[in-house]
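Novice: There's a structure below that I have some questions on.
Protein chains: 2
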Amino acid sequence: MSKVFKALSDPTRRKVLQLLRRGPMSAGDLAAHFTVSKPTMSVHFNVLKDANLIHAEKHGKSISYSLKMSVLEEALMGFAQTFGFEDQRDPDQPTNSHEDTPS
Amino acid sequence: MSKVFKALSDPTRRKVLQLLRRGPMSAGDLAAHFTVSKPTMSVHFNVLKDANLIHAEKHGKSISYSLKMSVLEEALMGFAQTFGFEDQRDPDQPTNSHEDTPS
DNA sequence: CTCATGATTAGAAGTTTAGCTAACTATCTA
DNA sequence: TAGATAGTTAGCTAAACTTCTAATCATGAG
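Written out as structure tokens, the structure is:
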């Protein structure tokens, strides 16, 4: 639990998760979206992996990272539900809030 | 956003929020639930205050802290919804999660 | 085998965090 | 006014976090 929230406390790591919503991506392709060095990205990937939020699979000489939706959902929603939060969305009004504004 | 998740990444602070679900509590009463020193708790309160998750109100010589539900809900659910998580509960089995927890 | 590519490891610098004790401020009460 | 109570501030330490460069490992191509 602490690991998940700590992982989510960094804007870079949150953006990585957002990018992985569309499907698996290689470390290099992910890193291309950021200005930090590749070793730094590697560390971020490990933090996410350590929190069990992403899965790594080696394909040839690159690594494919994929989002573990269920883990993220369980951690986030599980905690949220202890506070009684419910999903408030109108089913007729699909969301398009696809951008996380890091601060 | 980062501040909220950072605040939530510490077990002590998460427990403080859980304790505040039932209603406002003084710094001392909150601190009584933990083994760490009062100055340390004071720091934790400040982190939560800085993340806008709690509100402080001075009453006489003690301080009453209260949970800012809406801020927590917006941060948590707002982020969750960018991943398309929905409320998984069975509509025929309503929860009592919005009721006041009797103490 | 050798080279280029994708990614990690190692080591270092600077920052942040969590915790402590001691000392301080503010408020109530006798 | 003096003492007790509630919290905070100051100063410190140890550990963890973030980021970098340089070096290394692993793989596929020629």
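Those protein sequences? They're chains R and E, same order as listed. All residue numbers for the first sequence refer to our numbering, where the first residue is 1 and numbers rise by one. All residue numbers for the second sequence refer to our numbering, where the first residue is 1001 and numbers rise by one. Note that the Cβ used here is the ideal one computed from N, Cα and C, for glycine as well. Quick caveat: nothing in here was measured; it's all calculated off a predicted structure.
Quick check: the region 1077-1085 of chain E against the region 67-79 of chain R, are there 3 or more CB pairs under 8 Å?
Specialist: Counting Cβ pairs under 8 Å, three or more are found: they touch.
Novice: Going by beta-carbon coordinates alone, are R/L67 and R/R14 separated by less than 9 Å?
Specialist: No, Cβ-Cβ distance for R/L67 and R/R14 is not below 9 Å.
Novice: DSSP three-state label for E/A1056, please.
Specialist: Strand.
Novice: Can you name the residues of chain E whose CB is closer than 9 Å to the CB of R/F83?
Specialist: Neighbours of R/F83 on chain E, chain order: L1017, Q1018, R1021, L1067, M1069, L1072, E1073, L1076 and S1097.
Novice: In the structure shown, what three-state DSSP assignment does R/S9 receive?
Specialist: If DSSP states are grouped into helix, strand and coil, R/S9 belongs with coil.
Novice: Using the Cα positions of E/K1058 and E/M1069, report the straight-line distance between them to the nearest angstrom.
Specialist: Distance between the alpha carbons of E/K1058 and E/M1069: 20 Å.
Novice: Which residues in the same chain have their Cβ closer than 8 Å to the Cβ of R/S2, if we skip the five residues on either side of it in sequence?
Specialist: Cβ neighbours of R/S2 beyond the five flanking positions: none.
Novice: At least one CB of chain R closer than 9 Å to the CB of E/D1050: is that the case?
Specialist: With 9 Å as the cut-off, E/D1050 does not count as an interface residue toward chain R.
Novice: Here's the rule I'm using: 16 or more other beta-carbon atoms within 10 Å means buried, otherwise exposed. How should R/A32 be labelled?
Specialist: It is exposed - the Cβ of R/A32 has fewer than 16 other Cβ atoms within 10 Å.
Novice: Closer than 9 Å, CB to CB, is R/A80 near chain E or not?
Specialist: For R/A80, the answer is yes, since a Cβ of chain E falls inside 9 Å of its Cβ.
Novice: At the level of alpha carbons, what is the spacing between R/K71 and R/L48?
Specialist: Note that residue 71 of chain R is Val in the sequence shown here, rather than Lys. Approximately 11 Å, taken between the alpha carbons.
Novice: Using a Cβ cut-off of 9 Å (strictly closer), state whether R/K6 contacts chain E.
Specialist: It does: the Cβ of R/K6 has a partner Cβ on chain E nearer than 9 Å.
Novice: Ignore the nearest five residues each way along the sequence and tell me which others in E/A1051's own chain have a CB closer than 6 Å to its CB.
Specialist: Excluding sequence neighbours, E/A1051 sits near K1003, V1004 and A1007.
Novice: Note down, in chain order, each residue of its chain lying with its Cβ closer than 7 Å to the Cβ of R/A56, except the 5 sequence neighbours on either side.
Specialist: K49, I63 and Y65.
Novice: Taking the alpha-carbon positions, what's the R/V16 to R/H44 distance?
Specialist: Using only the alpha carbons, I get a separation of about 9 Å.
Novice: For the beta strand (DSSP E) containing E/S1062, list its first residue and its last residue.
Specialist: Where E/S1062 is concerned, the enclosing beta strand (DSSP E) stretches over S1062 to L1067.
Novice: DSSP puts R/M25 in a beta bridge; with which residues?
Specialist: R/Y65, per the DSSP bridge assignment.
Novice: From the DSSP output, in three-state form, read off R/T40 for me.
Specialist: R/T40 falls in the helix class under three-state DSSP.
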